[in-house]
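Student: Can you keep this structure in mind? I'll have questions shortly.
Number of protein chains: 2
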Amino acid sequence: MAGFKIPGITVYRLALYARTLEKLLEEGKDIISSEELARECGVNSAQLRKDLSYFGQFGVRGVGYSIPALLRHIRRILGAGREWFMVLMGAGHLGQALLKYEFLPKRGFKFVAAFDIDEEKIGRVVNDVYVYHLNQLSWVLREHPAEIGVIATPAKAAQEVADLLIENNIKGILNFAPVRIKHPPNVIVEHSDLTILFDKLAFYLNRLD
Amino acid sequence: MAGFKIPGITVYRLALYARTLEKLLEEGKDIISSEELARECGVNSAQLRKDLSYFGQFGVRGVGYSIPALLRHIRRILGAGREWFMVLMGAGHLGQALLKYEFLPKRGFKFVAAFDIDEEKIGRVVNDVYVYHLNQLSWVLREHPAEIGVIATPAKAAQEVADLLIENNIKGILNFAPVRIKHPPNVIVEHSDLTILFDKLAFYLNRLD
Chain A
1 MAGFKIPGIT VYRLALYART LEKLLEEGKD IISSEELARE CGVNSAQLRK
51 DLSYFGQFGV RGVGYSIPAL LRHIRRILGA GREWFMVLMG AGHLGQALLK
101 YEFLPKRGFK FVAAFDIDEE KIGRVVNDVY VYHLNQLSWV LREHPAEIGV
151 IATPAKAAQE VADLLIENNI KGILNFAPVR IKHPPNVIVE HSDLTILFDK
201 LAFYLNRLD
Chain B
1 MAGFKIPGIT VYRLALYART LEKLLEEGKD IISSEELARE CGVNSAQLRK
51 DLSYFGQFGV RGVGYSIPAL LRHIRRILGA GREWFMVLMG AGHLGQALLK
101 YEFLPKRGFK FVAAFDIDEE KIGRVVNDVY VYHLNQLSWV LREHPAEIGV
151 IATPAKAAQE VADLLIENNI KGILNFAPVR IKHPPNVIVE HSDLTILFDK
201 LAFYLNRLD
C-alpha cells in the first residue's frame, strides 16, 4: 500500500464513511448494504465499492458490511486511534470556536497551546489551552511538541505564520484563512474553504424551486 | 436536467473546481488541460471529465478547457451569481467568525440578522448584522425575508432551532452543530463536519513517516 497515491477526495470520502458508520452504530445498526451506506453518505454505491476496494475486499455479497468491522478498518486506514498534538495560530473567534470544539479531542486531536499577537488575548486560557505571544512559539514547541499547526489568523497573516510553523518543524498545517499557503513538498497543507458548503446548499435550493 | 439526481459529492467537487478555477484565473491562467486541473483539485482526471460530462461537453481535445468559460458554466450549474439571504442562529464564537467572514458576501451569501438567547449578545451589531433575541425570529423574517438558516448553536439547541427555522419557512439549513438534524424532505439540510478535515490531514501525516 505504501507509496501508492490516494486522491485527496477519496480520503475525504473515507472520513465521511467513518462518520456515517459511527452514526449508524450509535443508532444500533450492525449490518449495512453498500447501496444503503452509499445513500446515507450521499455518494453512489459504485463509487463506494471502488473506494473500499483500494484497500482490499470487504463485505459479503448479498449480506452486506459489518458496520463495526468496516469502521475499524477505515479508521486504521485513516490513521485514527492515535493522538495528534496541535498548536492553534490565531485566537480570534474562529480560533476560540476550535479550542472549544469538543469533537476534536474526542477524535484524538488535542491543542497544546494557542498563539496570537493581540495583547488582549495573550495570557487567556480557553478550554484549558493557554494563549501565548507568537514570539514564544519555538520555546513552547520545545516544551510541548506538536505535529499539526492550525491557522485561524486573518488572511494577510497566514503565510508568515505558516513559514514560522514550518521553520519550527511542524509537518501538517490545516489552514482556515481564505488564502493559499506556499510550502515545501515535505509539509502537508490542507485548506478549508467554508464557502464550498454554502455553494452546495445553494445548488440544492435552486433545484427546489 | 431537471429531476435527475446529482450526488452530493459531485456537487462538492463542482464547487471545488470553481474555487480552483478562480484561483488559476487570479494567477493569470487562461487555458488548462483536464489532467492539470484534476491535479490542482486533488481528484483524478477521469473523475473530473465524468463530473463535467453530466452537464454537457466542454473543452477541446488536445487544447484543454478555457478557464473563464468553464468557470462561468460551473457557476451557472451551481446557481452562483444570485444573492442568498441568511439568518444566523447562535452568535457565539463560530457564529461571529461567520458574520465576519468576508468571503461569504463576496460570493452572494448575506446575513440579514443573527439570533441568540444570551442577553449579553442580544443588541450587539457584528459586521453590520444585528443580534436579536430568538423569540423575534418570526417578526424579523417578515421584515427581512431569508432563504437560508445557518446553525452555530451548541449541539443540544440545534434541533429546536432547526424546527423554528422550518416553521418559519426556511428551506435551506447549514448546520455547524455536531449533531444530525431531523427535517421534512422539502427542507435541505447540509451538515458541516470540521473533523473530516482533521482526519484527512492525519491520513497524509501518517504516510509521511
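Chains A and B are the protein sequences, given in the same order. Quick note: the first sequence, position 118, residue 118 per UniProt numbering, numbers continuous. Quick note: the second sequence, position 52, residue 52 per UniProt numbering, numbers continuous. All C-beta atoms, glycine included, are put in the ideal place defined by N, C-alpha and C.
Indicate whether at least one CB of chain B lies closer than 8 Å to the CB of ASP51/A.
Tutor: No, ASP51/A does not count as interfacial toward chain B.
Student: Comparing alpha-carbon positions, which option in LYS106/B, GLU120/B, PHE198/B lies nearest ARG19/A?
Tutor: PHE198/B
Student: With a threshold of 8 Å between beta carbons, is ALA146/B in contact with chain A?
Tutor: no
Student: Going by other Cβ atoms of all chains shown within 10 Å of its Cβ, with 16 needed for buried, is GLU201/A buried or exposed?
Tutor: Going by the sequence as given, residue 201/A is Leu instead of Glu. By the neighbour-count definition (other C-beta atoms within 10 Å, threshold 16), LEU201/A is a buried residue.
Student: Would ALA91/B and LYS121/B be called neighbours here (beta carbons separated by less than 8 Å)?
Tutor: yes
Student: With the cut-off set at 8 Å, would you say ILE77/B and LEU21/B are in Cβ contact?
Tutor: No, the Cβ-Cβ distance between ILE77/B and LEU21/B is not below 8 Å.
Student: Rounding to the nearest angstrom, what Cα-Cα distance links ASN186/A and HIS144/B in this structure?
Tutor: 50 Å
Student: Give the DSSP bridge partners of GLU190/A, in chain order.
Tutor: LEU174/A
Student: Measure the alpha-carbon distance for ASN206/A versus GLY79/B and round it to whole angstroms.
Tutor: 6 Å
Student: What would DSSP say about GLY3/A, mapped onto helix, strand or coil?
Tutor: Reliability of the predicted coordinates at GLY3/A is poor, the pLDDT of 43 falling under 50, and no value is obtained from them.
Student: Can a CB atom of chain A be found closer than 8 Å to the CB of ASN135/B?
Tutor: no
Student: Expressed to the nearest angstrom, what Euclidean distance is found between the alpha-carbon atoms of GLY8/B and ASP163/A?
Tutor: 35 Å
Student: Once you ignore the five residues that flank LEU16/A on each side, which residues in its own chain have a CB closer than 7 Å to its CB?
Tutor: Closer than 7 Å at the Cβ level, and outside the excluded window around LEU16/A, lie CYS41.
Student: Using a Cβ cut-off of 9 Å, pull out every chain B residue sitting near ASP193/A, in sequence order please.
Tutor: ALA15, LEU16, ARG19, PHE103
Student: In its own chain, which residues sit with a C-beta less than 7 Å from the C-beta of TYR204/A, not counting the 5 before and 5 after it?
Tutor: none
Student: Please name the residue, chosen from LYS100/B, LEU174/B, ASP193/B, that lies closest to GLU147/B on a Cα-to-Cα basis.
Tutor: LEU174/B
Student: With distances taken Cα to Cα, identify the nearest neighbour of ALA113/B among GLN136/B, ALA38/B, LYS106/B.
Tutor: GLN136/B
Student: Using CA coordinates, which residue listed in SER34/A, ARG13/A, GLU27/A, LEU14/A is at the minimum distance from ARG180/B?
Tutor: GLU27/A
Student: Should VAL63/A and ILE32/A be called a contact, given that it needs their Cβ atoms to be closer than 8 Å?
Tutor: no
Student: Between the Cα of VAL131/B and those of TRP84/B, TYR54/B, GLU160/B, GLN96/B, spot the shortest distance and give me the residue it belongs to.
Tutor: GLN96/B
Student: Among PRO105/A, VAL161/A, PHE115/A, LEU94/A, which residue has its Cα nearest to the Cα of LEU88/A?
Tutor: PHE115/A
Student: Consult DSSP for SER53/A and reduce its assignment to one of helix, strand or coil.
Tutor: Assigned with DSSP and collapsed to three states, SER53/A falls in helix.
Student: At which residue ranges does the segment 66-130 of chain B contain complete alpha helix (DSSP H) runs of 4 or more residues, listed in the order of the chain?
Tutor: 67-78, 93-99, 103-106
Student: Taking the beta strand (DSSP E) that ILE181/A belongs to, which residues open and close that run?
Tutor: Element bounds for ILE181/A: n/a, residue is neither H nor E.
Student: Quick one, are the C-beta atoms of TRP84/B and GLY108/B less than 8 Å apart?
Tutor: yes
Student: Mind reading off the beta-carbon distance from ILE74/B to LEU14/B? Whole number of angstroms is fine, and I expect it under 8 Å.
Tutor: 6 Å
Student: Can you name, in chain order, every residue of its own chain whose Cβ lies under 6 Å from the Cβ of ASN127/B, other than the five neighbours on each side?
Tutor: LEU99, LYS100
Student: Report the residue from LEU48/B, VAL189/B, LYS106/B whose alpha carbon sits nearest the alpha carbon of GLY172/B.
Tutor: VAL189/B
Student: Name the chain A residues whose beta carbon is nearer than 7 Å to that of LEU205/B?
Tutor: GLU147, LYS171, GLY172, ILE188, listed in chain order.
Student: With VAL150/A as the anchor, note down where its alpha helix (DSSP H) starts and where it stops.
Tutor: Where VAL150/A is concerned, there is no enclosing alpha helix (DSSP H), although the beta strand (DSSP E) it sits in stretches over 148-151.
Student: From the beta carbon of VAL43/B, is the nearest beta carbon of chain A less than 8 Å away?
Tutor: True, the Cβ-Cβ gap to chain A drops below 8 Å.
Student: When the Cα atoms are used, what is the spatial distance from THR153/A to ASP118/A?
Tutor: 11 Å
Student: What do you reckon, is the C-beta of HIS73/A under 7 Å from a heavy atom of the ligand SAM?
Tutor: The ligand SAM is not part of this structure, which contains no ligands at all.
Student: From the DSSP output, in three-state form, read off GLY8/B for me.
Tutor: helix
Student: TYR54/A and SER34/A: beta carbons closer than 8 Å?
Tutor: no
Student: Looking at the C-beta of GLY90/B, does it have a partner C-beta in chain A at a distance below 8 Å?
Tutor: no
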